[in-house]
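Mapping to full-length UniProt numbering: the first sequence position 103 is 103, numbers consecutive. The structure under discussion appears below in the form of structure tokens.
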Amino acid sequence: MRVTKKIKAEQIAILGQVYKDTKPALKFRNPFELLVAVILSAQCTDVRVNITTERLFAKAPCPQDIVDMGLPALEQEIKDCGLFRNKAKNIMATCEILVREFDSKVPEDFDTLLKLPGVGRKTANVVTSIAFDRPAIAVDTHVFRVANRLKLAVGETPLEVEEGLMKAIPKELWSQAHHWLIWHGRRVCKARRPLCGECPLGEVCPSMGKA
DNA sequence: CTCCCGATAT
DNA sequence: ATATCAGGAG
């Protein structure tokens with residue numbers, strides 16, 4: 001199957017119809033909690049992140065509280081999420097910067113977010129999109145896999161896929177489409193055993209039955 | 001490219 | 001037993 005512009009539009013329309021009511025799976029009450037939750041979410045399920053952040057923010061709801069708690073205690077607190085030494089070091093360094101340079105608030109500017117330790121392109125896009133309500137497409141493992149399988153956007157790297165998706169999707173739908181792709185990746189177009197048999201995109205998917 | 005890393009699904 | 005999980009840094 002050759003995936004034309006028209007077929008891409010159909011893919012997007014179906015995704016929007018099926019997943020229109022989806023929202024972020026990560027629990028958060030403000031931009032700071034979202035930022036920490038997304039840093040923790042690397043190579044970890046959202047369910048595990050939510051358990052961890054609920055416990056963490058009960059003890060330390062603000063950047064200064066985490067700084068005061070100290071690195072070893074933070075490591076123990078987030079250990080279940082994996083990669084915990086790197087994540088703890090990055091969260092601690094980020095909190096110190098937020099307190100010292102940004103009045104304990106999460107900056108809204110994308111490039112400023114990118115400079116924070118532990119914050120890469122995916123995390124910065126999630127925060128600008130979800131916390132600050134600006135159009136962005138964060139390419140995580142689900143978005144990367146689903147976009148490539150659909151050939152909605154093909155690329156070897158997350159950045160290539162991000163750029164392809166921005167061309168294929170109207171800007172006003174970027175943030176929503178990001179959620180549609182994630183939920184489709186979680187529920188149907190799974191990494192290991194995709195449920196092609198019950199996929200609403202079967203007719204417009206070039207990878208149908210090939211995984 | 002490799003390393004970081006525990007929990008979970010298959 | 002092993003692949004995968006809302007990645008990022010060196």
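Where is the CB? At the ideal position from N, CA and C, for every residue including glycine.
In this structure the stretch 133 to 149 touches the stretch 157 to 167; the number of beta carbon pairs closer than 8 Å is three or more. Counting along the chain, the unbroken alpha helix (DSSP H) around N90 starts and ends at 84 to 101. In the three-state reduction of the DSSP assignment, K122 falls in the helix class. Leaving aside the five residues that flank I7 on each side, the residues in its chain whose CB is nearer than 7 Å to its CB run, in chain order, V204. Looking only at I97, L98, P72, the smallest Cα-Cα distance to N86 is reached by P72. One alpha carbon belongs to V146, the other to Q176, and they sit about 15 Å apart. Going by DSSP, V47 is part of the alpha helix (DSSP H) stretching over 46 to 59. Counting only the Cα atoms, I39 lies some 33 Å from E198. With a contact defined as Cβ atoms closer than 8 Å, I91 and G118 qualify at about 6 Å. With a beta-carbon spacing of about 18 Å, P158 and K115 fall beyond the 8 Å limit used to define contacts.
Collapsing the DSSP output to three states places A25 in coil.
P200 and N50 have their C-alpha atoms roughly 29 Å apart. Its Cα nearest to that of K23, the residue A131 stands out among A131, C196, T141.
When DSSP states are grouped into helix, strand and coil, I169 belongs to the coil group. Exposed is the label assigned to N30, since fewer than 16 other Cβ atoms lie within 10 Å of its Cβ. Here E172 is exposed: its Cβ has fewer than 16 other Cβ atoms, across all protein chains shown, within 10 Å.
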